[in-house]
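S.K.: Once you've had a glance at the structure underneath, I'll fire off some questions.
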Ligand SMILES: Nc1ncnc2c1ncn2[C@@H]1O[C@H](COP(=O)(O)OP(=O)(O)OP(=O)(O)O)[C@@H](O)[C@H]1O
Ligand SMILES: [Mg+2]
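Numbering (our numbering), first residue to last: 54 to 452.
See below:
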C-alpha cells in the first residue's frame with residue numbers, strides 16, 4: 054500500500070513539474086537563464102566589445118544560437134552597467150527600407166523609454182520632420198509608430214532615424230548598443246548597395262553607439278563585411294560562432310536530467326550530442342525527446358528510438374527539399390555526405406556524375422544559397438543540417 058502511495062505521489066509530482074516548469078529542454082525559442090549553456094568565451098568577448106563600443110558581426114548557420122547569445126549578453130550587461138542602453142531589433146520581417154526604418158526607430162525608442170509619455174515626447178522631439186504618429190494598444194500594452202510622409206513619393210532620407218541612437222546617447226550621456234538580427238535581409242531591399250552606403254556613412258560618425266549585426270547567410274554577410282569594394286568592409290570584428298562543445302553538452306544534459314529526477318549515463322549524454330553533431334537546436338530537441346520517453350533511466354535504445362522518430366518526422370520536409378534540387382545538386386550533396394574533398398577530381402566527378410569540373414563552382418553556389426551546405430575556412434564543405442545529412446546517407450540513398 055505504501056509503495057503504491059509513493060508511486061502515485063511521484064507520478065503526481067512529476068506531472069505537476071511538467072505543468073509548472075514544462076520540459077527541461079527547449080528548442081525553437083531563445084535559450085535563456087538555465088536553458089543557456091556555456092558560451093563563456095563568446096559572452097566575455099561580446100561584453101568587452103559592447104563596453105568598448107567595438108562594432109561586431111556575428112555569423113553562424115541557422116539555429117546555432119546567435120539570438121540567444123546576444124540576448125544573454127544584453128541581459129547581463131544591462132544588470133551590470135546602468136550607463137548602457139541596449140536595443141535589439143529583428144529585421145526578418147522587414148521587406149522594404151521603410152519597414153526597416155519603422156522597426157529600427159521603434160526598437161531604439163523602446164530601449165530608451167519605459168513610459169509611453171516619454172516615448173511620444175521623444176518621437177516628436179527627434180523625428181518631428183517625419184510627421185510621426187504613435188498609436189497605443191491598451192490591451193496588448195504596446196505602441197506602434199508610423200510616419201506621415203510617404204517614403205517612396207518623397208524619397209525621404211530618414212537621416213533622423215539613422216542618427217537617433219547617437220542623438221539619444223549624446224543627450225542622455227548613456228552609451229547605446231544597437232543589435233540587428235537577420236542583418237543580411239537588407240540585401241532584399243530595392244537598392245541594397247545604396248542602402249548600405251547610407252547606413253555606413255551615418256553609423257561611422259556615431260561616437261557613443263556600437264553596432265552588433267548578425268545573421269545566418271554566411272556568403273551574403275561575408276560579401277557585405279569582407280569584400281573590399283563594399284561599404285561595410287572592415288566595419289567591425291567578425292565572430293564566427295561555433296557549435297557548443299560535446300563536453301558542455303554532456304554537463305548540460307546530465308544536469309537537466311538529474312535536476313528532474315531522471316538518470317542518464319555520461320556516455321549517453323555524449324551519444325545525444327554525437328548523433329546531432331553538437332548542433333544546438335537539434336541537441337536540445339533530441340534531449341527533450343529522450344527525456345519524454347524516459348521513466349527513470351535512459352538507455353541506448355531510448356536514444357536511438359528518439360533519434361529515429363525525429364528523422365521520421367522530418368522526412369517529408371527533406372523529400373520536399375530534394376524536389377527543389379537538380380539531379381546534379383543531389384549527387385553533389387551525396388558526395389559531401391560521403392566526405393569527398395577533391396570535387397574536381399576525375400574520380401569524384403565520375404562516381405557522382407557531376408559532369409565537368411566547371412560545374413562544381415555552380416553546384417557549390419546553388420547549394421550554399423539554398424542554405425544546404427556551409428563552406429568552412431580551408432574550403433571544407435559540410436552539410437548544415439545533421440539530420441538531413443543522416444537522412445540522405447541512410448534513407449534517401451537506400452531508397
Ligand atoms: N547557449 C545555448 N545553450 C543551450 N541551447 C542553446 C544555446 N544557444 C542556442 N541553443 C539552442 O538552439 C536553438 C536556436 O537558438 P537561437 O534561436 O538563438 O539560434 P539562431 O542562431 O539565432 O537561429 P536562427 O538562425 O534561426 O535565427 C535554441 O532554441 C536552443 O534550443
Ligand atoms: Mg536568430
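Every residue gets a Cβ at the ideal spot worked out from N, C-alpha and C, and that includes glycine. Only a predicted model underlies this, so the values are computations on that prediction, with no experimental measurement involved.
So, helix, strand or coil for residue 337, using DSSP?
M.R.: Start at 1 with the first residue of the chain shown, and residue 337 comes out as number 284. Of the three classes helix, strand and coil, the one that applies to residue 337 here is helix, per DSSP.
S.K.: Taking Cβ positions, are residue 232 and residue 141 nearer each other than 8 Å?
M.R.: By 1-based counting over the chain shown, the position of residue 232 is 179. By 1-based counting over the chain shown, the position of residue 141 is 88. Yes, the Cβ-Cβ distance between residue 232 and residue 141 is below 8 Å.
S.K.: Measuring from each Cβ to the nearest heavy atom of ligand 2, keep the ones under 6 Å and list them in chain order.
M.R.: So the residues near ligand 2 by this Cβ test are 119, 120, 234.
S.K.: For residue 433, list the residues DSSP reports as bridge partners.
M.R.: Locating residue 433 in the chain shown gives position 380, where the first residue counts as 1. Answer is 429, bridged to residue 433.
S.K.: Within a Cβ cutoff of 7 Å, which residues of the same chain sit near residue 442, ignoring the five residues on either side of it in sequence?
M.R.: The sequence position of residue 442 within the chain shown is 389, counting from 1. Excluding residues within five positions, the ones whose Cβ falls inside 7 Å are 390, 436.
S.K.: For residue 29, write down the residues that DSSP places opposite it in a beta bridge.
M.R.: The chain is shown only over 54 to 452; residue 29 falls outside these bounds and no answer can be derived.
S.K.: State the start and end residues of the unbroken beta strand (DSSP E) segment that holds residue 228.
M.R.: For the purposes of this step, residue 228 is identified with residue 175 of the chain shown, where counting begins at 1. From DSSP, the beta strand (DSSP E) with residue 228 extends over 228-234.
S.K.: Who are residue 185's beta bridge partners in DSSP?
M.R.: Taking the chain shown and counting its residues from 1, the one referred to as residue 185 is at position 132. BP columns for residue 185 point to 200.
S.K.: With DSSP run on the structure shown, which of helix, strand or coil describes residue 143?
M.R.: Here residue 143 refers to the residue found at position 90 when the chain shown is read from its first residue. Note: residue 143 maps to strand in three-state DSSP.
S.K.: Can you determine whether any heavy atom of ligand 1 sits closer than 7 Å to the C-beta of residue 80, and answer yes or no?
M.R.: Residue mapping note: residue 80 aligns to position 27 of the chain shown, counting from 1. Yes, the beta carbon of residue 80 sits closer than 7 Å to at least one heavy atom of ligand 1.
S.K.: Is it buried or exposed, residue 237, if we count other Cβ atoms within 10 angstroms and call 16 or more buried?
M.R.: Translated into the one-based positions of the chain shown, residue 237 becomes position 184. Burial call: buried.
S.K.: Taking 7 Å as the cut-off, is the C-beta of residue 91 nearer than that to any heavy atom in ligand 1?
M.R.: Translated into the one-based positions of the chain shown, residue 91 becomes position 38. Under cutoff, so the answer is yes.
S.K.: Just to confirm before moving on: does the CB-CB distance between residue 162 and residue 172 stay below 8 Å?
M.R.: Residue numbering aside, residue 162 sits at position 109 when the chain shown is read from its first letter. Residue numbering aside, residue 172 sits at position 119 when the chain shown is read from its first letter. Yes. Within cutoff.
S.K.: With respect to the beta strand (DSSP E) encompassing residue 154, which residues constitute its N-terminal and C-terminal limits?
M.R.: Here residue 154 corresponds to residue number 101 of the chain shown, with the count starting at 1. Residue 154 -> not in any beta strand (DSSP E); alpha helix (DSSP H) instead, spanning 150-165.
S.K.: Please state the DSSP three-state secondary structure of residue 351.
M.R.: Along the chain shown, read from residue 1 onward, the residue named residue 351 stands at position 298. Residue state, collapsed to three classes: coil.
S.K.: Could you check if residue 281 is buried or exposed, using at least 16 other CB atoms within 10 Å of its CB as the buried criterion?
M.R.: Sequence index remark: in the chain shown, residue 281 carries index 228 (1-based). So residue 281 counts as exposed.
S.K.: Provide the residue(s) that pair with residue 265 in DSSP beta bridges, ordered along the chain.
M.R.: Along the chain shown, read from residue 1 onward, the residue named residue 265 stands at position 212. BP columns for residue 265 point to 109, 232.
S.K.: Return yes when the C-beta of residue 88 is under 7 Å from any heavy atom of ligand 1, and no when it is not.
M.R.: For the purposes of this step, residue 88 is identified with residue 35 of the chain shown, where counting begins at 1. Flag set: Cβ of residue 88 near ligand 1.
S.K.: Check whether the Cβ atoms of residue 83 and residue 109 lie closer than 8 Å to each other.
M.R.: Position 30 of the chain shown, counted from the start, is the residue given in the question as residue 83. Position 56 of the chain shown, counted from the start, is the residue given in the question as residue 109. Taking 8 Å as the Cβ cut-off, residue 83 and residue 109 do not qualify as a contacting pair.
S.K.: To the nearest angstrom, how far is it from the Cα of residue 407 to the Cα of residue 430?
M.R.: Start at 1 with the first residue of the chain shown, and residue 407 comes out as number 354. Start at 1 with the first residue of the chain shown, and residue 430 comes out as number 377. When rounded, the distance between both Cα atoms is 24 Å.
S.K.: Please classify residue 452: is it buried, with 16 or more other beta-carbons within 10 angstroms of its beta-carbon, or exposed?
M.R.: The residue you call residue 452 lines up with position 399 of the chain shown. When all chains shown are included, residue 452 counts as exposed.
S.K.: Out of curiosity, what's the CA-to-CA distance linking residue 342 and residue 301?
M.R.: Numbered from its first residue, the chain shown carries residue 342 at position 289. Numbered from its first residue, the chain shown carries residue 301 at position 248. So the alpha carbons of these two residues sit roughly 19 Å apart.
S.K.: Using only CA atoms, which one of 450, 372, 289 lies nearest to residue 99?
M.R.: As a first step, residue 99 is located in the chain shown; it is residue number 46 there, counting from the start. Checking every option, the nearest Cα to that of residue 99 belongs to 289.
S.K.: When you compare each of 126, 133, 303, 309 to residue 76 by their alpha carbons, which one comes out closest?
M.R.: In the chain shown, the residue the question calls residue 76 occupies position 23. That would be 309, whose Cα lies nearest to the Cα of residue 76.
S.K.: Would you check if the stretch 250-264 and the stretch 196-203 touch, i.e. whether three or more CB-CB distances between them fall below 8 Å?
M.R.: With the cut-off at 8 Å, the stretch 196-203 and the stretch 250-264 do not touch.
S.K.: By DSSP, does residue 136 sit in helix, in strand, or in coil?
M.R.: Taking the chain shown and counting its residues from 1, one reaches residue 136 at position 83. Residue 136: coil per DSSP, three-state reduction.
S.K.: Which residue's Cα is closest to the Cα of residue 230: 377, 94, 107, 350?
M.R.: Within the chain shown, residue 230 is the residue found at index 177, counting from 1. It is 107 whose Cα lies nearest to the Cα of residue 230.
S.K.: Quick check on DSSP: helix, strand or coil for residue 195?
M.R.: Taking the first residue of the chain shown as position 1, residue 195 is located at position 142. Strand at residue 195.
S.K.: Look at the alpha carbon of residue 156 and the alpha carbon of residue 148, and state the distance between them as a whole number of angstroms.
M.R.: The count along the chain shown starts at 1 and reaches residue 156 at position 103. The count along the chain shown starts at 1 and reaches residue 148 at position 95. Using only the alpha carbons, I get a separation of about 11 Å.
S.K.: Using DSSP bridges, identify the partner residues of residue 397.
M.R.: Within the chain shown, numbered from 1, the residue matching residue 397 stands at position 344. Residue 397 is not bridged to any residue.
S.K.: For residue 211, count the other beta carbons within 10 Å of its own beta carbon; 16 or more makes it buried, fewer makes it exposed. Which is it?
M.R.: Within the chain shown, the letter at position 158 stands for residue 211. Per the 10 Å Cβ criterion, buried.
S.K.: Are residue 326 and residue 303 close, meaning C-beta to C-beta below 8 Å?
M.R.: Translated into the one-based positions of the chain shown, residue 326 becomes position 273. Translated into the one-based positions of the chain shown, residue 303 becomes position 250. Their beta carbons are under 8 Å apart, which means residue 326 touches residue 303 by this criterion.
S.K.: Between the Cα of residue 219 and those of 410, 423, 158, spot the shortest distance and give me the residue it belongs to.
M.R.: Along the chain shown, one-based indexing puts residue 219 at 166. Comparing Cα-Cα distances from residue 219 to each of 410, 423, 158, the minimum goes to 158.
S.K.: Taking 8 Å as the threshold, find out whether the stretch 345-352 comes into contact with the stretch 367-386 through three or more Cβ pairs.
M.R.: No: fewer than three Cβ pairs fall under 8 Å.
S.K.: DSSP beta-bridge partners for residue 190?
M.R.: For the purposes of this step, residue 190 is identified with residue 137 of the chain shown, where counting begins at 1. According to DSSP, residue 190 bridges with 195.
S.K.: Between the Cα of residue 86 and the Cα atoms of 416, 393, 123, which residue gives the shortest distance?
M.R.: Within the chain shown, the letter at position 33 stands for residue 86. When each option's Cα is compared against that of residue 86, the closest is 123.
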